[in-house]
Amino acid sequence: MAAENRDLGADHQACPENDEEEAISSSSTVIEGKLRRLDSLDLESSGVRGHESKGVVKRDWEAILHLAFQSIGVVYGDIGTSPLYVYASTFTSGIGHEDDVLGVLSLIFYTITFIPLIKYVFIVLRANDNGEGGTFALYSLICRYAKVSLIPGQQAEDKQVSNFRLEIPGNRLNRASKVRNALERSPFSKYFLLFVTMLGTSMVIGDGVLTPCISVLSAVGGIKEADHSMTEGRIVIISVAILICLFFVQRFGTDKVGYTFAPVILVWFLFNAGIGVHNFIKYDPTVAKAINPKYVIDYFSRNKTDAWRSLGGVVLAITGAEALFADVGHFTVPSIQISMCLVTFPSLVLAYTGQASYLRKNMGHVPETFYKSIPDPLYWPMFVVAVAASIIASQAMISATFSIIQQSLALGCFPRVKVVHTSTKYEGQVYIPEVNYLLMGACVAVTLGFRTTDKIGNAYGIAVVFVMVLTSSLLVLVMVMIWKTHILLILLYIAMIGSVELVYFSSLLEKLDKGGYLPFALAFLLVTVMGTWNYVYRKRYIYELDNKVSMEKLKELALDMNVKRLPGLALFYSELVQGIPPLFDLYIANVPALHSVLVFLSIKTLPISKVPDEERFLFRRVQPPELAVFRCVARYGYTDVREDQESFERVLVERLKGFIREEGMMVIKTTTTTTTPTTTNTNTTGKTLAENDDTKGSEEDRSADKVEEDTDKNEERKNEEIVEREVEKVEREWKTGVVHLFGENEVVAAKGSNLGKKIMINYGYNILRKNLRQRDEVLNIPHKRLLKVGMTYEL
1 MAAENRDLGA
11 DHQACPENDE
21 EEAISSSSTV
31 IEGKLRRLDS
41 LDLESSGVRG
51 HESKGVVKRD
61 WEAILHLAFQ
71 SIGVVYGDIG
81 TSPLYVYAST
91 FTSGIGHEDD
101 VLGVLSLIFY
111 TITFIPLIKY
121 VFIVLRANDN
131 GEGGTFALYS
141 LICRYAKVSL
151 IPGQQAEDKQ
161 VSNFRLEIPG
171 NRLNRASKVR
181 NALERSPFSK
191 YFLLFVTMLG
201 TSMVIGDGVL
211 TPCISVLSAV
221 GGIKEADHSM
231 TEGRIVIISV
241 AILICLFFVQ
251 RFGTDKVGYT
261 FAPVILVWFL
271 FNAGIGVHNF
281 IKYDPTVAKA
291 INPKYVIDYF
301 SRNKTDAWRS
311 LGGVVLAITG
321 AEALFADVGH
331 FTVPSIQISM
341 CLVTFPSLVL
351 AYTGQASYLR
361 KNMGHVPETF
371 YKSIPDPLYW
381 PMFVVAVAAS
391 IIASQAMISA
401 TFSIIQQSLA
411 LGCFPRVKVV
421 HTSTKYEGQV
431 YIPEVNYLLM
441 GACVAVTLGF
451 RTTDKIGNAY
461 GIAVVFVMVL
471 TSSLLVLVMV
481 MIWKTHILLI
491 LLYIAMIGSV
501 ELVYFSSLLE
511 KLDKGGYLPF
521 ALAFLLVTVM
531 GTWNYVYRKR
541 YIYELDNKVS
551 MEKLKELALD
561 MNVKRLPGLA
571 LFYSELVQGI
581 PPLFDLYIAN
591 VPALHSVLVF
601 LSIKTLPISK
611 VPDEERFLFR
621 RVQPPELAVF
631 RCVARYGYTD
641 VREDQESFER
651 VLVERLKGFI
661 REEGMMVIKT
671 TTTTTTPTTT
681 NTNTTGKTLA
691 ENDDTKGSEE
701 DRSADKVEED
711 TDKNEERKNE
721 EIVEREVEKV
731 EREWKTGVVH
741 LFGENEVVAA
751 KGSNLGKKIM
761 INYGYNILRK
771 NLRQRDEVLN
781 IPHKRLLKVG
791 MTYEL
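So the sequence shown is residues 1 to 795, counted in full-length UniProt numbering.
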């Protein structure tokens, strides 16, 4: 049957133009599919419909404006505080020529315009996965359109869940099919895509570590302008204290944090815009001519290699741009577009323009550009707002880190951690306690170790640009395979956006030995953890699939007279979607007893953000019916909120009873259709042949029909009684008590495995598994109703 399912997936893949028709018809055939008794739940587990992208299809403008306001405090803190250090990081050796200021201002303006505004706000945000953003969202999107997923349980039929649309054959569709087929045929491409996704995720997490450090250190360092006795050590200690407080407030959630922080960041943007306008008018309005890109060319002509090296400072103007995409799950696409276009972008342009005007007349004030350019009466108010804004700046990447870890966790690429959904009003707002405190520890360690913004800035820039390059690479695949974008537009994107990012990245690589190694060190550690977990996760799934209990064996075990039936309902958890795990055979051999109603439950995460509640559960009956044994797949998207255990059990039982009734109705209809007599034939004159029969024959026919009709009604009544008795049995056994049977599987490397495999499985994976949350803890299963069965798998 596994082979059959792969064939079905291949057929489906070969005919993408029929996807929409299949998706539409899937809901009407699901019951018939159940009664066909296919041995796999894969086909039904893909039939998810009814998705609407958040904030795109149906827009509640009041909610969008609320989210736009919140996003100011969460998304833009990082990019919004860049004016604190950009010019100081760019002109590290001072300003050689007054027109160099115009060249750098022009660079900053076009960088902000091309990357955050055009690339992220108007292009990348369109590549969200049903409202979710980030590296794993792009990966999930690609996996739904090409058979490249390495995530266990994601079968080919799962592609039906995506929002496929009927395509008209043409050059673009042919090009997309060629690229997709090339990816599907190449095992290297599948592993490389997953590796790139993990690497991008790791870099974003590294960004989440570095953002708080550089933002807080930069703002607190401004106090030296008012108090020259303030030492570097004191600034570091104050910064560490602020960082600890920042991470402790994360547990209140993005909703509360956003409303608390948004007014502060809004005031920060207004102050920057106002001071920028003041400086522009007061010092040098002629800097407006930096709109001409000619000044960029002149800047490179004068400074050559030094200009190329200075790009590492200019790129800090767009730090936090990735948060626009990664944080979209906390908000919506329209809300981020509104806040960026109306507030953030204009304020940043005015702030950098004002500082450039000031520097044209005060070229010796580069190291303290931001605080020196503030009018004296506004110094202290601006200092207070700057410190507050720098604290908030960290929020953007912290929230983004929570979002992408939630996605990678659901797709089997991250060790199990607790995900807390912090808002009942808005989807996607999550908090992960373990990750929060690990980030806090890493931030404190980096701040104490590096102590200055110069080294952190080098590391920070590399992390930011590296993620941007990876995002662009995955986006090109989306453009080709999913959007079917015209080839000229794709080449234009690569030339205007991709080439700019690569130039910035080449400049930053020169600073690897000056702190730039840090994001790569963090990424190496995280990719090792994620790769180890995913590798063993897949190996364990394949082992269970190869050693699953056959349906015939299950029937033998259930009908064995030595196996007692106990009162109550048992949920036997399995990660397999198709088949019964080998653990069940071991359980029966040692505990020869089954509960009166047994459900093999597989909790499956599909590569989409949400699954409609009405399509959460899919059931299959194990024959014969008197066994009262069922198989069930509970489907979730990677942002779905898991119900508490009591609600989960109640809904599962209700859906199981509904399945039994629907199945019974289908049996009744089938029986009635089979026994219903055919209609009488009609001759060429339009008269029935029955009209030629004598009266006696007609009476006999009517009598026979009545007897047959009474028989059908009796049969239908009996079937209805059988169905209701089974429904009552399920209800009764549920009320008697529910027992959760869990597999506590130990995994070890098989004999003869190489050293690397032994280290990865015996030490790496098992250390992670034992020191992090167990599956029953993640699912909040009550310990009083939990029974664990142990088994060792040799992988």
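Glycine is no exception: its CB is placed at the ideal position from the N, C-alpha and C atoms.
When the Cα atoms are used, what is the spatial distance from Glu728 to Phe524?
Their backbone Cα atoms lie some 56 Å apart in a straight line.
At which residues does the alpha helix (DSSP H) containing Tyr145 begin and terminate?
Its alpha helix (DSSP H) spans residues 135 to 145.
Alpha carbon to alpha carbon, how far is Ala389 from Met340?
Approximately 17 Å, taken between the alpha carbons.
Ends of the alpha helix (DSSP H) at Phe450?
First-last of the alpha helix (DSSP H) with Phe450: 433 to 450.
Evaluate contact between the segment 576 to 583 and the segment 544 to 564, counting only Cβ atoms and requiring at least three cross-stretch pairs below 8 Å.
Yes, the segment 576 to 583 touches the segment 544 to 564.
When you compare only the Cα positions, how much space is there between Ser310 and Asn458?
Those two C-alpha atoms are separated by around 11 Å.
In three-state DSSP terms, what is Lys757?
Three-state DSSP puts Lys757 in a helix.
Taking a contact to mean a Cβ-Cβ separation below 8 Å, would you say Leu350 touches Gly233 in this structure?
Taking 8 Å as the Cβ cut-off, Leu350 and Gly233 do not qualify as a contacting pair.
Between Phe400 and Ala323, is the Cβ-Cβ spacing less than 8 Å?
Here residue 400 is Ala; the residue named in the question, Phe, does not match the sequence. A contact, by the Cβ cut-off of 8 Å.
Given Val287, which residues of its chain have a CB within under 8 Å of its CB, disregarding the five upstream and five downstream residues?
Answer for Val287: Val101, Leu102, Leu105, Phe280, Thr353, Ala356, Ser357, Arg360, listed in chain order.
Between Ala326 and the rest of its own chain, which residues show a CB-CB distance below 7 Å, the 5 nearest in sequence each way excluded?
Counting only Cβ-Cβ distances below 7 Å, and skipping sequence neighbours, we find Gly133, Gly134, Val204, Ala400, Ser403, Ile404.
Once you ignore the five residues that flank Lys758 on each side, which residues in its own chain have a CB closer than 8 Å to its CB?
Ala749.
Are the beta-carbon atoms of Val464 and Val314 separated by less than 8 Å?
For Val464 and Val314, no; Cβs fall outside 8 Å.
Could you check the C-alpha separation between Ser373 and Lys304 for me, to the nearest Å?
Approximately 28 Å between the Cα atoms of the pair.
Can you tell me which of the three DSSP states Ser596 falls into?
Residue state, collapsed to three classes: strand.
Taking Ala634 and Ile603 to be in contact with their CB atoms under 8 Å, please state how far apart those CB atoms are, rounded to whole angstroms.
Correct: roughly 5 Å between the Cβ atoms.
By alpha-carbon positions, which one of Phe572, Glu646, Phe271, Thr605 ends up nearest to Arg631?
Per the Cα distances, Phe572.
For the pair the segment 464 to 481 and the segment 528 to 536, tell me if three or more CB-CB distances fall below 8 Å.
They do not touch, by the three-pair rule.
Val446 and Cys213: beta carbons closer than 8 Å?
Yes, they are a contact pair.
Can you name the start and end residues of the beta strand (DSSP E) that Tyr299 belongs to?
Careful: Tyr299 lies outside any beta strand (DSSP E), inside the alpha helix (DSSP H) at 294 to 303.
So the candidates are Gly664, Val387, Thr792; which of them puts its Cα closest to the Cα of Arg540?
That would be Thr792, whose Cα lies nearest to the Cα of Arg540.
Taking the DSSP output, what are the residues bridged to Glu744?
Paired residue(s): Gly790.
Kindly indicate which residue of Leu491, Asp99, Lys190 has the alpha-carbon position closest to the one of Ser140.
Of the listed residues, the one whose Cα sits closest to Ser140 is Lys190.
Using DSSP with H/G/I as helix, E/B as strand and the rest coil, what is Tyr573?
In this structure, Tyr573 counts as strand in the three-state DSSP scheme.
Exposed or buried, what is residue 810 when buried is set at 16 or more other beta-carbons lying within 10 Å of its beta-carbon?
Absent from the model: residue 810. The displayed extent of the chain is 1 to 795, so no value can be given.
Leaving out five residues before and five after Leu67 in sequence, what residues of the same chain have Cβ atoms less than 6 Å from its Cβ?
The answer, listed in chain order, is Phe331, Thr332, Ser335.
Put Leu795 into one of helix, strand or coil per three-state DSSP.
Leu795: coil per DSSP, three-state reduction.
Are the CB atoms of Leu508 and Gly516 nearer to each other than 8 Å?
In this structure, Gly516 lies closer than 8 Å to Leu508 by Cβ.
For Met382, which residues in the same chain have their Cβ closer than 7 Å to its Cβ, ignoring the five residues on either side in sequence?
Correct list, in chain order: Phe271, Ile374.
Determine the closest residue to Val444 out of Gly208, Ala127, Pro782, Ser149, with distance taken between C-alpha atoms.
Nearest of Gly208, Ala127, Pro782, Ser149 to Val444, Cα basis: Gly208.
So what does DSSP say about Pro581, is it helix, strand or coil?
Coil.
Taking only the alpha-carbon atoms, compute the straight-line gap between Gln155 and Tyr587 and give it to the nearest angstrom.
A caution first: Gln155 carries a pLDDT of 47, below 50, which makes its placement in the model unreliable, though a value can still be read off. Computed Cα separation, rounded: 28 Å.
Can the beta-carbon of Val148 be found closer than 8 Å to that of Glu98?
Not closer than 8 Å, so no.
In angstroms, rounded to a whole number, what distance separates the CA positions of Val467 and Pro519?
Each residue's alpha carbon lies about 11 Å from the other.
Report buried or exposed for Leu787, applying the criterion of at least 16 other Cβ atoms within 10 angstroms of its Cβ.
It is exposed - the Cβ of Leu787 has fewer than 16 other Cβ atoms within 10 Å.
So, helix, strand or coil for Leu125, using DSSP?
DSSP places Leu125 in helix when its eight states are reduced to three.
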